[in-house]
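Undergrad: Input: one structure, supplied below.
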Amino acid sequence: MNQDKVIIFDTTLRDGEQALRASLSKREKLQIAHAIAKLGVDVMEVGFPVSSPGDFDAVNSIAEQVKGPIICGLARAMEKDIIACGEALAPAEKRRIHTFIATSPIHLEHKLQKTLEQATEMAVNAIKLAKTYTDDVEFSCEDAGRTPVADLAYVIERAIDAGATTINIPDTVGYTEPTEFAEIISGIKNTVPNIDKAIISVHCHNDLGLAVANSIAAVQAGARQIECTVNGIGERAGNCALEEVAMILQTRKERFGVDTNIKSEEIFRTSKLVSQLCNMPVQQNKAIVGANAFAHSSGIHQDGILKAQNTYEIMKPEHIGMQSNELNLTSRSGRHVIQHRMTEMGYSDNDYNLDDIYSDFLLLADKKGQVHDYDLEAILFDQQLKDDSDYYKLTSLQGLSSNSAVNTTTVGVSIGGEDAIYKAETGNGPIEAAYNALKQMTHIDLNIIDFKLNSKGEGGDAIGQVDIIAQSMGRNFHGTGLATDIIHAGVKAYIHVLNLVHRAQQVEEIKEKHQSI
Ligand code: KIV
Ligand code: ZN
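Just so you know, we're using the UniProt record's numbering here: the sequence shown kicks off at 1 and counts up by one.
Structure below.
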């Protein structure tokens, strides 16, 4: 292992995903997995295969289709977990099984009701079984932050003897502070006799806002893998934020003397994609990727920046792939201008279909006059949401809204490729009226538990984005709709959910058929 390199282990699709209100679809997971691979992570943990057939299938598809990083799956120290993980990861070019068991007195006594010796034996058996699927096995001592170093040393020595090649030290409940966490890492380095045969990894949660600081302190104490997520999403207050550790190690290289393989210019785009698909907005003042991260408001700061950029700026927006040189795009702009702008925004030609983007661009330019970068991204995202195989397709929408009379909306939908049918309904507002019409036409009664309206862009020509979380079949589904008009965006979000529900119903039907054979 090159001691100057810190391995970046991304767990957005495992620890991050498990904290979302609505699970991601396989298609969304694949989209995020491709973006994270492009970002240059070394390892990506993409699910917990034993937890559900859907998770198994998603890990399996990512293992098959995503090239570059090591693809990793999570497994408790149990035979059925390791088998599911080994099988799901089988198609990967490079694969890792990550197995874990709790080691802290609190977890041993109350959760596992086992002694440290019994937990260690389970870990050793799990690692040995995992080794029959791959040489690359990671072992985590869950709640290591609250485990005495002597106990950690006892388990780790045996885990390495059993074949673990990475030893992960999670601060599962985000309890430690940087000096203390660094001492745990040094303690392990100094007392585990075979520690040179494994890489020390850290996995910090952010309950006290210290996940990034603890991870960096651990690197200073000798850890060489950081587990993190894009935008810091994850259980409770989240995990260590990938973009923050990557930019700390890059910006302060003279201090830490270590590198990562992260392509920092991909950070901004990946952050936006994860935020969008996971329905997790990024806080305005979030370090590195927040909307205000590079905005200077005070007069003194603006004056300083004009005199010399480094007076108040330690990184440049371009370092994270944020472009500021917008072109004036109108309906007179040609296809090559759009292609040029998409390239400048960091998209490669096979990320989009130029014909499709260009025809939607012209429609939008006719409506809005000037088209901005965020509009192009919205067009791309909207196209990614559509699928030719969608069962429900919106064909028309017309509404009469009033603050004094009843609101009426007429919706046209094509169902299962048939000619469009139309329904007019009333409601308290035009969106509710449209939803009532869709309910009658589809006979699917969605229970909407969250409805958010946001704008993409600024001022009167912003694009409306509606995100809804709706319950059906005992599950939560997340739908998104983007349009220049918010009623249209709200209806698109509803149709997005209807298509997700339809796919889930098909999967259930296939499962039932298999069970009855
Ligand atoms: O926080 C934690 O302890 C975990 C482990 C499974 C690594 O996520
Ligand atoms: Zn975790």
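Just so it is clear, CB atoms sit at the ideal spot from N, CA and C, and this is done for glycine as well.
Helix, strand or coil for G412, going by three-state DSSP, please let me know.
TA: Looking at G412 - three-state DSSP - the assignment turns out to be strand.
Undergrad: Can you have a look at A309 and say buried or exposed, based on whether 16 or more other CB atoms are within 10 angstroms of its CB?
TA: Just to set this straight, residue 309 is Gln in the shown sequence, not Ala. The residue in question, Q309, is exposed, as its Cβ has fewer than 16 Cβ neighbours within 10 Å.
Undergrad: In this structure, what does DSSP give as the bridge partners for Y422?
TA: Answer by DSSP bridge pairing, in chain order: G412.
Undergrad: Can you tell me where the beta strand (DSSP E) holding C141 begins and where it ends?
TA: Residues 137–142.
Undergrad: Ordered along the chain, which non-local residues of its own chain (more than five positions away) have a Cβ less than 7 Å from that of D15?
TA: Cβ within range, chain order: T229, G234, E235, N239.
Undergrad: Check A130 in the structure and name its three-state DSSP category.
TA: DSSP places A130 in helix when its eight states are reduced to three.
Undergrad: Can you tell me which residues form a DSSP beta bridge with H478?
TA: DSSP lists I469 as partners of H478.
Undergrad: For F100, name the three-state secondary structure that DSSP assigns.
TA: Three-state DSSP puts F100 in a strand.
Undergrad: Helix, strand or coil, according to DSSP, for P170 in the structure here?
TA: Correct three-state label for P170: strand.
Undergrad: Compute the Euclidean distance between the alpha carbons of L249 and G321, then round it to the nearest angstrom.
TA: Rounded to the nearest angstrom, the two C-alpha atoms are 17 Å apart.
Undergrad: So, is G257 buried or exposed, given that buried needs 16 or more other C-beta atoms within 10 angstroms?
TA: So G257 counts as exposed.
Undergrad: Taking 7 Å as the line, does the beta carbon of L363 fall inside it for any heavy atom of the ligand SAM?
TA: Summarising the ligand content, the structure contains the ligand KIV and the ligand ZN and does not contain the ligand SAM.
Undergrad: Span of the alpha helix (DSSP H) holding Y358?
TA: Counting along the chain, the alpha helix (DSSP H) containing Y358 begins and ends at 354–368.
Undergrad: Please confirm whether I188 and R224 have their CB atoms less than 8 Å apart.
TA: For I188 and R224, no; Cβs fall outside 8 Å.
Undergrad: To the nearest angstrom, how far is it from the Cα of T484 to the Cα of D259?
TA: The straight-line gap from Cα to Cα measures roughly 43 Å.
Undergrad: Keeping to the same chain, check which residues put their C-beta closer than 7 Å to that of A489; ignore five residues upstream and five downstream.
TA: Contacts found: G464, Q465, V466, G481, L482, A483.
Undergrad: Measuring only between beta-carbons, confirm whether V149 sits less than 8 Å from chain B.
TA: No chain B is present in this structure, which holds just one protein chain.
Undergrad: Just verifying my parser: in three-state terms, what is the DSSP assignment at F181?
TA: Helix at F181.
Undergrad: CA-CA distance, V371 and N60?
TA: Cα-Cα distance, rounded: 39 Å.
Undergrad: Hey, could you find the ends of the beta strand (DSSP E) L400 is sitting in?
TA: Its beta strand (DSSP E) spans residues 392–400.
Undergrad: Out of L39, L277, V6, L24, which has the shortest C-alpha to C-alpha gap to D382?
TA: For the residues L39, L277, V6, L24, the minimum Cα distance to D382 belongs to L277.
Undergrad: Taking Cβ to Cβ, would you say A293 is nearer than 8 Å to K286?
TA: Cβ distance < 8 Å, so A293 and K286 count as in contact.
Undergrad: Evaluate contact between the stretch 263–274 and the stretch 27–44, counting only Cβ atoms and requiring at least three cross-stretch pairs below 8 Å.
TA: Short answer: they touch.
Undergrad: What do you reckon, are the CB atoms on Y391 and H502 nearer than 8 Å?
TA: Yes. Within cutoff.
Undergrad: Count the C-beta pairs between the stretch 355–369 and the stretch 394–401 that are closer than 8 Å, then say yes if the count reaches three, no if not.
TA: Result no; under three Cβ-Cβ pairs closer than 8 Å.
Undergrad: Please tell me whether, using a cut-off of 7 Å, the distance from the CB of T172 to the nearest non-hydrogen atom of the ligand KIV is below it.
TA: Under cutoff, so the answer is yes.
Undergrad: How long is the line joining the alpha carbons of S303 and S333, rounded to whole angstroms?
TA: Here the sequence assigns Asp to residue 303, which means Ser is not the residue at that position. When rounded, the distance between both Cα atoms is 35 Å.
Undergrad: Quick one: grab the DSSP three-state call for G16.
TA: In the structure shown, G16 sits in a helix (DSSP, three-state: H, G or I).
Undergrad: Taking all protein chains shown into account, decide if T11 is buried (16 or more other Cβ within 10 angstroms of its Cβ) or exposed.
TA: Classification of T11: buried, given that the 10 Å Cβ count is 16 or more.
Undergrad: Taking all protein chains shown into account, do 16 or more other C-beta atoms lie within 10 angstroms of the C-beta of L242, making it buried, or fewer, making it exposed?
TA: The residue is buried, with at least 16 neighbouring Cβ atoms inside 10 Å.
Undergrad: On the DSSP bridge list, what partners appear for I71?
TA: For I71, which the question treats as bridged, DSSP gives the partners M44, R95.
Undergrad: Are there three or more Cβ pairs, one per stretch, closer than 8 Å when the stretch 166–176 is compared with the stretch 140–147?
TA: Yes, since at least three Cβ pairs between the stretch 166–176 and the stretch 140–147 fall closer than 8 Å, the two stretches touch.
Undergrad: Nearest to T410 by alpha carbon, out of G429, S404, P69, I216?
TA: Comparing Cα-Cα distances from T410 to each of G429, S404, P69, I216, the minimum goes to G429.
Undergrad: Starting from S201, follow the beta strand (DSSP E) in both directions and report where the run begins and ends.
TA: Residues 199–204.
Undergrad: Have a look at D151 and L13 and give me their C-alpha separation to the nearest angstrom.
TA: Distance between the alpha carbons of D151 and L13 is about 30 Å.
Undergrad: So I156 and V192 are supposed to be a Cβ contact under 8 Å. How far apart are they, rounded?
TA: The Cβ separation is near 5 Å, so the contact holds.
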